[in-house]
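So the protein lines, in turn, are chains F and B.
For the first sequence, our numbering gives the first residue as 1, with consecutive numbering after it.
For the second sequence, our numbering gives the first residue as 434, with consecutive numbering after it.
Backbone N, C-alpha and C fix where the C-beta goes; we use that ideal spot for every residue, glycine too.
The structure presented is a predicted model; accordingly, all values stated were derived computationally and were not measured.
There are 2 protein chains.
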Amino acid sequence: MTGLLSRGGSDAVALLLVGDELLLGSVADTNGAWLARRFTQAGLRVVLSRVVPDDVARIAEAVRALCAEVGAVVVSGGLGPTSDDLTRQALADVAGCPLVADDAAVAAITDWYATRGRTPDAGVLRMAQRPSCARMLVNPQGSAPGVRVEIGASVVYAVPGVPSELYAMVDGVVLADLMERVGGLPAHLSESFEVALLGESAVSALLGDVEALVADDPSTDLAYLARPAHVSVRLSVRDLDPAAAASRHARWSALVAQALGDHVMGRDGVTLPEVVVASLTARRETVGAAESLTGGRVTEALTSVAGASAVLRGGVVAYAGDIKQSLLGVPADLVRARGTVDPDVAVAMAQGARVLLGSTWGVATTGVAGPEPVDDHAVGTVHVAVDGPAGPVVRSLALPGERNRVRRLSSAHALDLLRRRLRSAESSEGLDR
Amino acid sequence: MTGLLSRGGSDAVALLLVGDELLLGSVADTNGAWLARRFTQAGLRVVLSRVVPDDVARIAEAVRALCAEVGAVVVSGGLGPTSDDLTRQALADVAGCPLVADDAAVAAITDWYATRGRTPDAGVLRMAQRPSCARMLVNPQGSAPGVRVEIGASVVYAVPGVPSELYAMVDGVVLADLMERVGGLPAHLSESFEVALLGESAVSALLGDVEALVADDPSTDLAYLARPAHVSVRLSVRDLDPAAAASRHARWSALVAQALGDHVMGRDGVTLPEVVVASLTARRETVGAAESLTGGRVTEALTSVAGASAVLRGGVVAYAGDIKQSLLGVPADLVRARGTVDPDVAVAMAQGARVLLGSTWGVATTGVAGPEPVDDHAVGTVHVAVDGPAGPVVRSLALPGERNRVRRLSSAHALDLLRRRLRSAESSEGLDR
Numbered sequence: 001m002t003g004l005l006s007r008g009g010s011d012a013v014a015l016l017l018v019g020d021e022l023l024l025g026s027v028a029d030t031n032g033a034w035l036a037r038r039f040t041q042a043g044l045r046v047v048l049s050r051v052v053p054d055d056v057a058r059i060a061e062a063v064r065a066l067c068a069e070v071g072a073v074v075v076s077g078g079l080g081p082t083s084d085d086l087t088r089q090a091l092a093d094v095a096g097c098p099l100v101a102d103d104a105a106v107a108a109i110t111d112w113y114a115t116r117g118r119t120p121d122a123g124v125l126r127m128a129q130r131p132s133c134a135r136m137l138v139n140p141q142g143s144a145p146g147v148r149v150e151i152g153a154s155v156v157y158a159v160p161g162v163p164s165e166l167y168a169m170v171d172g173v174v175l176a177d178l179m180e181r182v183g184g185l186p187a188h189l190s191e192s193f194e195v196a197l198l199g200e201s202a203v204s205a206l207l208g209d210v211e212a213l214v215a216d217d218p219s220t221d222l223a224y225l226a227r228p229a230h231v232s233v234r235l236s237v238r239d240l241d242p243a244a245a246a247s248r249h250a251r252w253s254a255l256v257a258q259a260l261g262d263h264v265m266g267r268d269g270v271t272l273p274e275v276v277v278a279s280l281t282a283r284r285e286t287v288g289a290a291e292s293l294t295g296g297r298v299t300e301a302l303t304s305v306a307g308a309s310a311v312l313r314g315g316v317v318a319y320a321g322d323i324k325q326s327l328l329g330v331p332a333d334l335v336r337a338r339g340t341v342d343p344d345v346a347v348a349m350a351q352g353a354r355v356l357l358g359s360t361w362g363v364a365t366t367g368v369a370g371p372e373p374v375d376d377h378a379v380g381t382v383h384v385a386v387d388g389p390a391g392p393v394v395r396s397l398a399l400p401g402e403r404n405r406v407r408r409l410s411s412a413h414a415l416d417l418l419r420r421r422l423r424s425a426e427s428s429e430g431l432d433r
Numbered sequence: 434m435t436g437l438l439s440r441g442g443s444d445a446v447a448l449l450l451v452g453d454e455l456l457l458g459s460v461a462d463t464n465g466a467w468l469a470r471r472f473t474q475a476g477l478r479v480v481l482s483r484v485v486p487d488d489v490a491r492i493a494e495a496v497r498a499l500c501a502e503v504g505a506v507v508v509s510g511g512l513g514p515t516s517d518d519l520t521r522q523a524l525a526d527v528a529g530c531p532l533v534a535d536d537a538a539v540a541a542i543t544d545w546y547a548t549r550g551r552t553p554d555a556g557v558l559r560m561a562q563r564p565s566c567a568r569m570l571v572n573p574q575g576s577a578p579g580v581r582v583e584i585g586a587s588v589v590y591a592v593p594g595v596p597s598e599l600y601a602m603v604d605g606v607v608l609a610d611l612m613e614r615v616g617g618l619p620a621h622l623s624e625s626f627e628v629a630l631l632g633e634s635a636v637s638a639l640l641g642d643v644e645a646l647v648a649d650d651p652s653t654d655l656a657y658l659a660r661p662a663h664v665s666v667r668l669s670v671r672d673l674d675p676a677a678a679a680s681r682h683a684r685w686s687a688l689v690a691q692a693l694g695d696h697v698m699g700r701d702g703v704t705l706p707e708v709v710v711a712s713l714t715a716r717r718e719t720v721g722a723a724e725s726l727t728g729g730r731v732t733e734a735l736t737s738v739a740g741a742s743a744v745l746r747g748g749v750v751a752y753a754g755d756i757k758q759s760l761l762g763v764p765a766d767l768v769r770a771r772g773t774v775d776p777d778v779a780v781a782m783a784q785g786a787r788v789l790l791g792s793t794w795g796v797a798t799t800g801v802a803g804p805e806p807v808d809d810h811a812v813g814t815v816h817v818a819v820d821g822p823a824g825p826v827v828r829s830l831a832l833p834g835e836r837n838r839v840r841r842l843s844s845a846h847a848l849d850l851l852r853r854r855l856r857s858a859e860s861s862e863g864l865d866r
């Protein structure tokens, strides 16, 4: 380890994203997430990220501050040909070297334009300038070269903000240069446990004992990421000794898996529809849906997975009440006596879908999405049902939130009920053997 | 103007996004873009944005630095119930006030849990803590309250990072508090034109002449926001004189509307499903869907709109080929001769949906989402059809992109075809009168 990147840890990197458009919200920043993921995968740690406008003083101030904190800074944007491209000037100001024209870059840009039948103007030729103490980074995808400059004990890489050019330059030159500079890195093992339909605090409560143990191991980290109807629990272990990292990772992973039990639907980013499609595919079985308040969301989620056509027969969106009877065969007496927001109606819909669509499994949703209550049933009153070879099962819910949250959660509950039925079918078959 | 926000300009705001996951790249930051857009729309300027990990010292350092630069800082994330939620502690450290339990927040959280049949544990009750010099901000969407604290001459608003909660709190309390604090701003008139299914460059080409004129008016701005299958064109006019702002806004608005013609489906954030539901509601007509590759996305989009139940009869997801025949009555000869990826099959599906579901209009999709071609039809080959009182119409497409992009665009094209049919029905009725 060279010690060059020692401030903030030898493997610490900061990001600086330049551009007015990022602060107007007119475009979402995708470069930040991509850079963070790439450096994390390489075993580096992105510890800070900043966004600044196209303002030479703001860019310079941020570069100066980040170089005081970490040994490597990656700057994205502000390298194009227009008057609001100011990253080169800011780097020259911070490094204390004047901007000079780089002969090789002038030649490359002139060539790049010549092959397109054009001649570079003065603005374009500004892209060939660099601080005299910096060197250029070749851009294989575009005409704007990058810049590499050392500022104090830190290194700064500036690359264009155009995603295809940024990707190519980071993968082609920045990562290699940085890894060489860093020297050896600790082994980094990371795994995530995907949990459907439990809140972050409920997941954290299940993991209370494991959290307390992890707190005593400074090289291990347990982090939560809450998404709609889904929490990811990420376990990360670092150690200079790869064998020690692997053995500690195995130990923690087993403890997390045990604490979360069958709330874990899968690992490493898998989603509920992916788990259901994979399980049905393995069993060579099919599913059909009958949806009321979810309006097609259950089948939509399943068809978002490539390969769904092998397991999804189809679905019926029975939004108007009479369609539940005419297409799905829900008994008219039952609807007359209890309305359509009823657990037995959900079961009859699941059975009807199975018959109508000729599938191994039927899944159904009915309930009140809002904004208004229906027949004295409050918004969020929902019944989801699954029918299959071993008979029907229903889950009745009082869901929080507004219309589209209720619909999203209802769809997730329907798929989760099917996931658990498929899993228990698998275990009972395992016991039979 | 109070001068309280004078550093960085009276209307300057900084964002601080807290969370390890943002620096691991495991999730893209969408809150930053949303916040930037919202504050920009309100006439404020977001001048800086930073991302820091779940580390109390890093959060505190960033809050301190941003408060030294601007008069208002919005912090997102780190307010949940788990041990890595450290924003409250960081704010207490910077403000120099200890954390205390807020009685009203304890009661609200206890209630929130009680209505769900649960009792809050110690972790959850940490969410009721605030720096003693701060006040709580009510969260209408979740259990974690926000925090408002003054640090020197600056104000800091901390809100949860869960998008639905963040949106509700910023719109419900943060913006109003901030605007009151800022005092008068130049009159700011802003309007957006919603365009479906044209790319950003195509929209910009249509507006070329208007753009050239706007470039000469420094107080007027034309900005594009590209979303999936949708571009918003935002026209903004600022002027210290409200009457001058209004007259210039009216002039530009008419020019933009003329240049975009019937590509404009509506104004100010309206979506394609909302336009279709509103048009059907006004006409007291209904729609039914027959979907193949979109898998329920068309009905799902319609049911996301409150009030859809008055106009949507239902839908059939005919994912397996035989269901197109058995349920929708697509002629077996036609499928045998041409397969299911065919414009006449799309028309037969739309007609079948209309008959089966008893609706005024039928809409249908068939095509190849991928990843593999079907019967020599390339991925992206799609036919959408609408059948209605004046007969059927079909739109055949070769769509770019991967599976879920093809499915998303197909659904948008189906709804756009229906929107245009409804609009031409309206105009011909207008002519008849």
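N- and C-terminal bounds of the alpha helix (DSSP H) containing residue i
i: B/His682; result: Pro675 to Leu693
i: B/Thr736; result: Arg730 to Thr736
i: B/Arg491; result: Val489 to Glu502
i: B/Ser759; result: Gly754 to Ser759
i: B/Val557; result: Ala555 to Arg559
i: B/Ala528; result: Thr520 to Ala528
i: F/Leu35; result: Asn31 to Gln41
i: B/Ser712; result: Leu705 to Arg716
i: B/Val643; result: Gly641 to Val647
i: F/Ser164; result: Pro163 to Met169
Distance CB(residue i)-CB(residue j) smaller than 8 Å
i: B/Leu767; j: B/Ala751; result: no
i: F/Ala290; j: F/Ala350; result: yes
i: B/Trp467; j: F/Gly25; result: yes
i: F/Arg435; j: F/Ala134; result: Limits of chain F in this structure are 1 at one end and 433 at the other, which puts residue 435 of chain F out of reach.
i: F/Val275; j: F/Gly266; result: yes
i: B/Gly800; j: B/Val815; result: yes
i: B/Ala869; j: B/Leu639; result: The structure shown does not extend to residue 869 of chain B, since chain B spans only 434 to 866, so no value can be given for it.
Span of the beta strand (DSSP E), counted from its first residue to its last, around residue i
i: F/Gln129; result: Gln129 to Pro131
i: F/Arg116; result: Taken as a continuous stretch (DSSP letters only), F/Arg116 belongs to no beta strand (DSSP E), as it is neither H nor E.
i: F/Gly220; result: A quick correction: the sequence has Thr, not Gly, at residue 220 of chain F. Per DSSP, F/Thr220 belongs to the beta strand (DSSP E) from Thr220 to Arg227.
i: B/Asp672; result: His663 to Asp672
i: B/Ala534; result: Leu532 to Ala534
i: B/Ser699; result: Residue 699 of chain B is actually Gly in this sequence, not Ser. Note, B/Gly699: beta strand (DSSP E), Val697 to Arg700.
i: F/Ala14; result: Ala12 to Val18
i: B/Gly748; result: Leu745 to Ala751
Rounded distance between the beta-carbons of residue j and residue i, thought under 8 Å
i: F/Val256; j: F/Val270; result: 16 Å between Cβ atoms; not a contact.
i: B/Ala797; j: B/Ala786; result: 6 Å
i: F/Val155; j: F/Gly71; result: 7 Å
i: B/Leu524; j: B/Pro553; result: Their Cβ separation, rounded to whole angstroms, is 22 Å, which puts B/Leu524 and B/Pro553 out of contact at 8 Å.
i: B/Gly579; j: B/Met602; result: 5 Å
i: F/Val47; j: F/Thr40; result: Actually they are not in contact, since the Cβ atoms of F/Val47 and F/Thr40 sit about 11 Å apart, beyond 8 Å.
i: B/Pro514; j: F/Ser427; result: Going by Cβ atoms, the distance from B/Pro514 to F/Ser427 rounds to 33 Å, so no, they are not a contact pair.
i: B/Leu449; j: B/Arg483; result: 5 Å
Per DSSP, the bridge partner or partners of residue i
i: F/Gly362; result: F/Gly288 and F/Asp387
i: B/Met569; result: B/Val580
Proximity test, Cβ basis, 8 Å: residue i and chain D
i: B/Leu456; result: Judged by its chain identifiers, the structure shown contains no chain D, and its protein chains are F and B.
*Interface residues of the region 202 to 231 of chain F facing chain B [CB-CB below 7 Å]*: Ser204, Ala205, Glu211, Ala223, Tyr224, Leu225 and Ala226
*Contacting positions in the region 722 to 751 of chain B - beta carbon closer than 8 Å to chain F*: Ala722, Glu724, Leu726, Thr727, Gly728, Gly729, Arg730, Val731, Thr732, Glu733, Leu735, Thr736, Ser737, Ala739, Ala741, Ser742, Leu745, Arg746, Gly747, Gly748, Val749, Val750 and Ala751
*asked:* Counting only Cβ-Cβ distances shorter than 7 Å, please list the residues of the region 756 to 774 of chain B near chain F, keeping chain order.
replied: Ile756
*When Cβ atoms are compared, which residues of the region 31 to 56 of chain F fall closer than 9 Å to chain B?*
Gly32, Ala33, Trp34, Leu35, Ala36, Arg37, Arg38, Phe39, Thr40, Gln41, Arg45, Val46, Val47, Leu48, Ser49, Arg50, Val51, Val52, Pro53 and Asp55
_Residues from the region 499 to 526 of chain B in contact with chain F, defined by Cβ distance under 8 Å_ = Gly513, Pro514, Thr515, Ser516 and Asp517
*Which residues, taken in chain order from the region 252 to 282 of chain F, show a beta carbon closer than 9 Å to some beta carbon of chain B?*
Gly269
*Could you list the residues in the region 346 to 368 of chain F with a C-beta less than 7 Å from some C-beta on chain B, going in chain order?*
Leu357
*With 8 Å as the limit, tell me which residues of the region 802 to 836 of chain B have their beta carbon closer than that to any beta carbon of chain F; keep them in chain order.*
Ala802, Gly803, Pro804 and Arg836
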